[in-house]
Structures are given as structure tokens and as C-alpha cells.
Amino acid sequence: MCAVAVAVSVPALAYDRITGHHFASRSEVMAPEAMAATSQPLATQAALEVMRNGGSAVDAAIAANALLGLVEPTGNGIGGDLYAIIWDAESETLHGLNASGRSPQSLTLEHFQQQGLEKIPARGVLPLSVPGAVDGWFEMHQRFGSLPMSELLAPAIHYAENGFPVSEVIAYYFERNAEVLQQYPGFAEVFMQDGEPPQEGERFSNPDLAWSYRQLAEHGREAFYEGEIAQRISRFVSEHGGFLTADDLAAHSSEWVDPVSTNYRGYDLWELPPNTQGIAALQILNILEDYDLSAWGHDSPEYIHHFVEAKKLAFEDRARFYSDTAFNEIPVDWLISKDYATERRQLIDSEQAGNSFEPGNPPTEGDTIYLTTADKDGNMVSLIQSNYRGMGSGITPEGTGFVLQNRGELFALEEGHMNLYEPGKRPFHTIIPAFVTKDGQPVMSYGVMGGATQPQMHAQILINILDFGMNLQEAGDAPRILHTGSSQPTGEQMTDGGVVSLENGFSSATRRELVKMGHRLQEAVGPYGGYQAIWYDTEQEVYIGASESRKDGHAAGY
305 MCAVAVAVSV PALAYDRITG HHFASRSEVM APEAMAATSQ PLATQAALEV MRNGGSAVDA
365 AIAANALLGL VEPTGNGIGG DLYAIIWDAE SETLHGLNAS GRSPQSLTLE HFQQQGLEKI
425 PARGVLPLSV PGAVDGWFEM HQRFGSLPMS ELLAPAIHYA ENGFPVSEVI AYYFERNAEV
485 LQQYPGFAEV FMQDGEPPQE GERFSNPDLA WSYRQLAEHG REAFYEGEIA QRISRFVSEH
545 GGFLTADDLA AHSSEWVDPV STNYRGYDLW ELPPNTQGIA ALQILNILED YDLSAWGHDS
605 PEYIHHFVEA KKLAFEDRAR FYSDTAFNEI PVDWLISKDY ATERRQLIDS EQAGNSFEPG
665 NPPTEGDTIY LTTADKDGNM VSLIQSNYRG MGSGITPEGT GFVLQNRGEL FALEEGHMNL
725 YEPGKRPFHT IIPAFVTKDG QPVMSYGVMG GATQPQMHAQ ILINILDFGM NLQEAGDAPR
785 ILHTGSSQPT GEQMTDGGVV SLENGFSSAT RRELVKMGHR LQEAVGPYGG YQAIWYDTEQ
845 EVYIGASESR KDGHAAGY
């Protein structure tokens, strides 16, 4: 009797690639002239087209961000805030931009107290703050732009008017956001035009957003902060019992700031100072610097344990100190110092997870999108932009096509807290761009979107490259560690050690050892962030790009 061969269909997995780490999803992208990495392919293409037409990396970043506000409104939009770190090749200088907005002048702490609120609501009109993204675009453009703004907004206007097919991951988040936000004024009219959010592959258009972009193209930033867009925002918010006014919009301005850094394994990681959480990544790396992580290995209980404990320590300081520098004297230099890291490192028990930590004592005297672009002249942009909580507050002013952010939720209502709500104050911010230099020259612009995930992943990406020898794409594809449950800038305190979530790829043996150390492990799907990066190879004079395999986008260059 003859044996019959039966063909069995087995899916190809990442570890079937012939080169690279078993978890690598694809190769790095390489190009000699320019590079863009975004979370949606149309945005990457728009950025490259701008640079092909003579635009700068800043021009490309603005074009990509504008298009992402249309094609990925689940993560960003002109109702939100923006931060950027820009490498200017001519001056060989890093520039930081804080384009975050402030709380309404007419909304007071007493209002929340009278309402009996212990926490600012996540949705509706109460967490609104001034959107800073548009002003950020024009600030960057005035300083580093080449092409007219009308040309940069043209791709977004085209797709807003003619429609685009919704991609897979974005369609998933559309549905999740719509379940929550459809009850809020104006949302369903724009994003649920047939009574349902757009599905994967469905052609979606947003003529109201096209109108808003045309206003910006024709009338500049004033259209948003003093013109018809400002009036539509103010009227709509007032009609629904809110406090954000045309005066708040008119008073807005962005701030150019100096990035701050720490040196890790010979490379300088640069972040923006508070009101962002960027320096948490610097604190984590400073604490870990004294350990031989490469000897432990990526899939080891020792590495994961020490990483989590370092994160807990940094986040205690994050909860206490990170806030608007216009309202508080924040000891940034002390927080990111090597001496302070040495002091904090002593609190880590190498055998046991800590349930709680106290923040340090300073000396007495003293769902988001990320994109990156790089042009033929050596300029590089690291830009992050968000409405917070995916699509923001749900409040969608009539005729504008965008949702207003809910960043005000991140204020504390506890008297005496540095991040206490006050009128005209910038809230604590989670979104952070990153940049790496070596010996004063640009090496990498990168970021990882996703709330409190971000500083944890900024540190992990750099560790993956410098300690574990991964390339740019592998560093993003590698399984990630996520700790949640730390003390928060809104007042919550960690007392139980929080929870550790590990992506698939960490071994069962490692997981067992972590449990023995006292860590609580919990499965989580989706909160590990979205990564984009560009590396400049100085020897070959080429750009290397990488993009998040967990999202819809890609890196591309020419």
C-alpha cells in the first residue's frame, strides 16, 4: 500500500526569514538622499514627494502630519498638541519645540470642586485645552520650511475631498473609538456618516477637514487661532457648556526649548523637558547603565526585572515633578544626573520586585502618532502629535472635521500638587519625540507612540540597539516589556507593585522566574506602542529607516 503525501498549509512567520533575528518582520529600509517613516503609507509617500520637490525635512513632516490627521484620526489631528526635535544641519544644532496648549482661562479649580470631582473627566468639554499643533506647524515652517504651506497641505486636502481607503489597524481603532465617542456632539456626523465608523478598505472622505486645511493654506495660522476656525470652535464649545473660548485660542503660542540629554554607552539620548515625560527615559537609562545588560540577554528575568524596577523609580519622580515649567521650578538637571541615578539604583532589590517607592528629594537650594523625516541636506525631524486617548474628547466642532483633544484630563485636582489644575496652564504630557547623537553629530531620530508606554520604549529601543546588538528594524520588532500601575501625575499612588505585561517572544522560563521575584504578570494586547525611526550612517552617508510592524505604516526613501 502506497503512502500518500498530504500537503499541510503552514503559515510563514517572522522567524522564517533567512536573515536577522527570529522576530524581525522585515529588513531595514536604506536610501541615500531622503527618508520618511510614518504609521500610514500615504503619509510616508506624501513626505517623500515633498522632499523630491525641494522641500525640507520639516516641510515633509508637516505634510505627513496633516495627512495623518485625515487618514489616522484615531491617533492625531489638528485638535491636538505637537512636540518636535529638529536637527538643523547648517548650524549642527538640535532645536526643541513645545507646541502644547493651555487650559481655558475661565475654567477654575473651584468649578471641579463644586462638581464634587476628584478627577477630571476623560471626555466631553471639561478636559479641553487649546490645540497647539497648527501653531507648531507654522513655527517650524517659518524657521525651517522651504515650500509654501499650501503645497504642503495639498495632499491632505486632495484625500479629504476625494477619499482614501481606511487601513487595517486604523479601522480597528475607528470602531473602538466610535463605541465611546458617538454620544459626543459632532462626532458621528463626521466619523460615522452611514451610522457606522468606516471599515477596513472603505473609501472615507472628510470634506469639513478639507475646508479647515484650505483655511490654513489661504490664511495661515490666524485662521485657526483668530479666524473662522477659531470662531467655530468657540461657538460649538460654548453651545455645549464648555469653557474654551476664542480668547484662549488667540492667546496661544508655542515655545522653542532646549532638549536635554544623558549619555548611554557613548551615545547621547535627547528628550524635551517637562511638561512632557521625556526625561523619564533618561532616568531609566541612567539607572540601568551600571548593569551589564548584554551579559544577561534580552530574554532574561534579570534584565526584565531591573528594567521594570528602574521604570518604577523614574515614574515616581514623573508623578511628583513633571508639570508646566511656567508654574513650577522643576529640578530637571538633578533628576537626569548620574549622581541621582546612583542614589536611586541602591533602592533596587535584585531578587525581589518592589511594591512601592517614594519620589526623590531634590536639594533644598534648588492611541498618538509619531513620524520622522530626513532630507538630502542632512536635516532630520522627530515629531509626535496626538489628541490623547485616541480621538480625544469626542467634541467635534461643526464644520471643522476634527476632534478637540482631552489633554486636560491629565491635570491633578489635589491641592499642593505640582500638576494641579490652574487656568492658562499646560497639562502634564505623555507624547515625546526622541533624538540620538554621538560626538555632536546626528545618529537617530525616533519615537514610540502610546501614552505611558513611550519612555519605557524609548529606553528599550536604545537598549536593544546598544546592549543587544539589534539593527534598527529588529529593535522595534523585538518583544516589548510594559509596566503599568505606577504612581501618576494625576494623584494616584502605586502600592502593589503594578503589573508587568510581556509580548509574545519572552520564554515561559523567564516568566516563571519573574513571578518568583514577586512580579504580577498580565496578558495585554495592543498597548506596546508604535515605533518609527531613521538612522544616519555617517560612513556610507545613507539613511536607514524602520517602521512599526504593529501598525499600518512603513518607512521609505529615495
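Position one of the sequence shown corresponds to residue 305 (the working numbering), numbered consecutively onward.
The beta carbon of each residue, even a glycine, is placed where N, CA and C say it ideally should be.
Linking E613 to D643 through their CA atoms gives a straight-line distance of about 18 Å.
Of the residues assessed, N466 falls on the exposed side of the cut-off, its CB having fewer than 16 other CB atoms within 10 angstroms. L371 sits in a helix when the DSSP states are folded into three classes. Going by DSSP, P746 is part of the beta strand (DSSP E) stretching over 745-753. In this chain, the beta strand (DSSP E) harbouring S851 covers 846-851. Q777: not part of any beta strand (DSSP E); member of the alpha helix (DSSP H) spanning 776-781, first to last residue. Secondary structure within the segment 648-734: not one fully enclosed alpha helix (DSSP H) run of 4 or more consecutive residues is present. In summary, H609 is buried, with 16 or more beta-carbon neighbours lying within 10 Å of its beta-carbon over all protein chains present. Shown here, D363 sits in a helix according to DSSP, grouped into three states. Ranking D743, I736, A534, G712 by CA distance to the CA of G728 puts G712 first.
Measuring C-alpha to C-alpha distances from S450 to each of G359, S686, V740 identifies G359 as the nearest. For the set D603, E620, E504, the Cα lying nearest the Cα of T794 is the one of E620. The three-state reading of DSSP puts R321 in coil, since its state is none of H, G, I, E or B. Beta-bridge partners of W600 (DSSP): none assigned. Taken through DSSP and simplified to helix, strand or coil, G834 comes out as strand. Contact check for H733 against T580 passes: the beta carbons are separated by less than 8 Å. Boundaries of the beta strand (DSSP E) harbouring I389: 385-392, taken from the DSSP string.
Excluding residues up to 5 positions away in sequence, A460, Y463, A464, N510, L513 lie with their Cβ nearer than 7 Å to the Cβ of L374 in the same chain. Y692 and I735 have their C-alpha atoms roughly 9 Å apart.
When C-alpha distances from Q797 are compared across A370, K616, L639, the shortest belongs to K616.
In this structure, A341 and T676 form a Cβ contact; the two beta carbons are roughly 5 Å apart against a cut-off of 8 Å.
Taking C-beta atoms as the reference points, G405 and D385 count as a pair closer than 8 Å. Residue nearest to Q535 within the set G664, G545, V707, L553 is L553 (criterion: CA-CA distance). Per DSSP, reduced to three states, the secondary structure at S805 is strand. Collapsing the DSSP output to three states places M798 in coil. In the DSSP assignment, L825 falls outside any alpha helix (DSSP H) and carries neither an H nor an E. In the structure shown, the three-state DSSP call for P759 is helix. Between Q487 and Q419, the alpha-carbon positions lie close to 21 Å from each other.
Listed as beta-bridge partners of K616 by DSSP are no residues whatsoever. Straight-line measurement puts the Cα of H762 at about 13 Å from the Cα of D572.
The DSSP-derived three-state label of A460 is helix.
Residue pairing of V438 in beta bridges, as defined by DSSP: absent, with no partner found. Restricting attention to A716, A779, V494, D603, the CA atom closest to the CA of A813 is found in D603.
With 16 or more other Cβ atoms from the protein chains shown falling within 10 Å of its own Cβ, T704 counts as buried. Around the beta carbon of G834, 16 or more other beta carbons lie within 10 angstroms, which makes this residue buried. The DSSP-derived three-state label of A426 is coil.
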